[in-house]
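Visitor: Have a look at this one before I ask anything.
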Amino acid sequence: MVQLTLPRNSKLVTGKTWPKPEGAAKLKKFKIYRYSPEEGGQPRWDTFWVDLTKCGPMVLDVLIYIKNNVDPSLAFRRSCREGVCGSCAMNIGGNNTIACTKGWDEVAGNTITIAPLPHLPVVRDLVPDLTNFYAQHAYVQPFLKTDTPEPEKEWKQSEDQRNELNGLYECILCASCSTSCPSYWWNGDKYLGPAALLQAYRWLIDSRDEATGERLDDLEDPFKLYRCHTIMNCAQVCPKGLNPAKAIAKIKHMMVERVS
Amino acid sequence: MSSNQDFATPTARARGLGSAKAGTEHHIRQRVSAIALIFLVPWFLFSVINAVQAGYDGAQDWVAQPWNAILLILTAGAAFYHMRLGMQVVIEDYIYTPGMKSALLILNSFASIALFVTVAVSVLKIWFTAGV
Numbered sequence: 140m141v142q143l144t145l146p147r148n149s150k151l152v153t154g155k156t157w158p159k160p161e162g163a164a165k166l167k168k169f170k171i172y173r174y175s176p177e178e179g180g181q182p183r184w185d186t187f188w189v190d191l192t193k194c195g196p197m198v199l200d201v202l203i204y205i206k207n208n209v210d211p212s213l214a215f216r217r218s219c220r221e222g223v224c225g226s227c228a229m230n231i232g233g234n235n236t237i238a239c240t241k242g243w244d245e246v247a248g249n250t251i252t253i254a255p256l257p258h259l260p261v262v263r264d265l266v267p268d269l270t271n272f273y274a275q276h277a278y279v280q281p282f283l284k285t286d287t288p289e290p291e292k293e294w295k296q297s298e299d300q301r302n303e304l305n306g307l308y309e310c311i312l313c314a315s316c317s318t319s320c321p322s323y324w325w326n327g328d329k330y331l332g333p334a335a336l337l338q339a340y341r342w343l344i345d346s347r348d349e350a351t352g353e354r355l356d357d358l359e360d361p362f363k364l365y366r367c368h369t370i371m372n373c374a375q376v377c378p379k380g381l382n383p384a385k386a387i388a389k390i391k392h393m394m395v396e397r398v399s
Numbered sequence: 002m003s004s005n006q007d008f009a010t011p012t013a014r015a016r017g018l019g020s021a022k023a024g025t026e027h028h029i030r031q032r033v034s035a036i037a038l039i040f041l042v043p044w045f046l047f048s049v050i051n052a053v054q055a056g057y058d059g060a061q062d063w064v065a066q067p068w069n070a071i072l073l074i075l076t077a078g079a080a081f082y083h084m085r086l087g088m089q090v091v092i093e094d095y096i097y098t099p100g101m102k103s104a105l106l107i108l109n110s111f112a113s114i115a116l117f118v119t120v121a122v123s124v125l126k127i128w129f130t131a132g133v
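First to last, the sequence lines map onto chains A and B.
Going by the working numbering, the first residue of the first sequence is number 140, and it counts up by one from there.
Going by the working numbering, the first residue of the second sequence is number 2, and it counts up by one from there.
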């Protein structure tokens, strides 16, 4: 049966409440998921109070503030801090997004909860294990495949053909979509998930690519592709405003076109 | 290190058993049966509500009319076929235990066919025995 509750060793307990900073002008409460494999035990919710006048406008600024000023052991991934690298994807206030472009003032409620991306093994605190996610991305062979000898200068593409890739090439592989998808939660080992399928479609409709048929062959599978039940969480959470569900629907259209 | 540790590479796991090169037929059949039901279900609801208002005998007379009988059998066929396809997806989604999964998939097919045959034979019996 599908796992509908957390395993016993993953159940969250109440953790440490850090003291409120003295003389703070604008306080906000943050509940942050903590887990350390060295310490073992249950994962816990730690409570932090942050003086918002002392940190930048984004949730990532809050995390950096906490790491610098309150608890240096807080672990999270971040790199570009401007929505390009996709490293800081996490669950903020119940929605998957990237912390660097999510303003803390955009999250409703008195307390902002921050947890790692759902339904993935946790490496530490807010750092999930994305090994399977990356292997699935590699499975769709996200690169140009051709048999025709390479032209001297470049593979040409018209403006219209290039425009087909808009809304697809922008994906930063943050994994917010795949880890928000219930179908990916239940069958993530077999279902490729919205992120990998969006990339698959990006190469399927690239006018320069010559492996469209093989690509469709590799995707045509009750689990790899057809586990998408158009739940649409992927499109709702995508921090880049992309629509993986639409790309998956278009792959299904190509499959139908091939047989009828 | 325990002996039950999984040393399969992430690539091996992502590829799994490879692509089944199937699923499109299932997808098409589910959509086509859904299109049939868009027309059949409103007819079915409207007609049945009207028919039962005439009581048991009135309902029997209604079923005995050829067009009603034909449409009833078509509705049951499309609905149970669509149900079989949908339930198959639900079982595949949520049941992981191999034996249990196969058993439920087979039971799903048997139950859907049994339900259809029961409805079809009942309708035909009313139609063919009407006025006898």
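Just so it is clear, CB atoms sit at the ideal spot from N, CA and C, and this is done for glycine as well.
None of these values were measured; they are calculated from a predicted model.
Give the secondary structure of Phe187(A) by DSSP, where H, G and I count as helix, E and B as strand, and everything else as coil.
Guide: Residue 187(A) sits at position 48 when you count from the first residue of the first sequence. Three-state result, Phe187(A): strand.
Visitor: Since Ile50(B) meets chain A, which of its residues come closer than 8 Å, beta carbon to beta carbon?
Guide: Taking the second sequence and counting its residues from 1, one reaches residue 50(B) at position 49. None at all; the shortest Cβ gap to chain A is about 31 Å.
Visitor: Reducing DSSP to helix, strand and coil, say where Asn208(A) ends up.
Guide: As a working note, residue 208(A) is residue 69 in the first sequence. Asn208(A) falls in the helix class under three-state DSSP.
Visitor: Classify His276(A): buried if its beta carbon has 16 or more other beta carbons within 10 angstroms, exposed otherwise.
Guide: One-based indexing of the first sequence puts residue 276(A) at position 137. Buried, because 16 or more other Cβ atoms sit within 10 Å of the Cβ of His276(A).
Visitor: Identify each residue in the stretch 377-393 of chain A for which the Cβ-Cβ distance to at least one residue of chain B is less than 7 Å, and report them in chain order.
Guide: Under the 7 Å Cβ criterion, the stretch 377-393 of chain A contributes Lys391.
Visitor: Helix, strand or coil for Met371(A)? Go by DSSP, reduced to three states.
Guide: As a first step, residue 371(A) must be located in the first sequence, where it is residue number 232. Correct three-state label for Met371(A): coil.
Visitor: At a Cβ cut of 8 Å, what residues of the stretch 262-284 of chain A count as close to chain B, listed as they run along the chain?
Guide: Residues Thr270, Asn271, Tyr273, Ala274, Gln275, Ala277, Tyr278.
Visitor: Classify Gln82(B) as helix, strand or coil using the three-state DSSP reduction.
Guide: Within the second sequence, the letter at position 81 stands for residue 82(B). Checking the sequence, you will find Tyr at residue 82(B) rather than Gln. The answer is helix: DSSP assigns Tyr82(B) an H, G or I state.
Visitor: Quickly, what does DSSP pair Gly132(B) with across the bridge? List them, please.
Guide: Here residue 132(B) refers to the residue found at position 131 of the second sequence. Partner(s): none; Gly132(B) has no beta bridge.
Visitor: Would you list the residues sitting across from Phe169(A) in a DSSP beta bridge?
Guide: The residue you call residue 169(A) lines up with position 30 of the first sequence. Answer is Phe187(A), Ile251(A).
Visitor: Let me check one thing: in DSSP terms, what residues is Arg263(A) bridge-paired to?
Guide: Indexing the first sequence from 1 puts residue 263(A) at position 124. Val266(A).
Visitor: Less than 7 Å between the beta carbons of Val376(A) and Ser317(A), yes or no?
Guide: Here residue 376(A) is taken as the residue at index 237 of the first sequence, counted from 1. Here residue 317(A) is taken as the residue at index 178 of the first sequence, counted from 1. Their beta carbons are not under 7 Å apart, which means Val376(A) does not touch Ser317(A) by this criterion.
Visitor: Please confirm if Trp325(A) has its CB atom under 7 Å from at least one CB of chain B.
Guide: Stepping through the first sequence from its first residue, residue 325(A) is reached at position 186. Yes - at least one Cβ of chain B is within 7 Å of the one on Trp325(A).
Visitor: Using beta carbons (cut-off 7 Å, strictly below), is Tyr330(A) in contact with chain B?
Guide: Taking the first residue of the first sequence as 1, we reach residue 330(A) at position 191. By this cut-off, Tyr330(A) is not an interface position.
Visitor: Only counting the same chain, and skipping five residues up and downstream in sequence, which positions put a Cβ closer than 8 Å to that of Ser113(B)?
Guide: Against the second sequence, residue 113(B) aligns to sequence position 112. Here the set comprises Phe81, Tyr82, Met84, Arg85, Met88.
Visitor: Along the stretch 19-42 of chain B, where does the CB come closer than 9 Å to a CB of chain A? Name the residues.
Guide: So the close ones are Gly19, Ser20, Ala21, Lys22, Ala23, Gly24, Thr25, Glu26, His27, His28, Ile29, Arg32.
Visitor: So what does Thr25(B) bridge to, in DSSP terms?
Guide: Along the second sequence, read from residue 1 onward, the residue named residue 25(B) stands at position 24. Thr25(B) is not bridged to any residue.
Visitor: Check the Cβ of Pro11(B) against every Cβ in chain A and list those closer than 8 Å, keeping chain order.
Guide: As a working note, residue 11(B) is residue 10 in the second sequence. Going along chain A in sequence order, the residues near Pro11(B) (Cβ under 8 Å) are Thr270, Asn271, Tyr273, Ala274.
Visitor: Could you tell me the boundaries of the beta strand (DSSP E) in which Asn235(A) lies?
Guide: Translated into positions along the first sequence, residue 235(A) becomes position 96. Counting along the chain, the beta strand (DSSP E) containing Asn235(A) begins and ends at 234-237.
Visitor: Give the DSSP-derived three-state secondary structure of Met2(B) in the structure shown.
Guide: Here the question's residue 2(B) lines up with position 1 in the second sequence. Only weak support exists for where Met2(B) lies, its pLDDT of 46 falling under 50; the value from the coordinates is given anyway. In the structure shown, Met2(B) sits in coil (DSSP, three-state: anything other than H, G, I, E or B).
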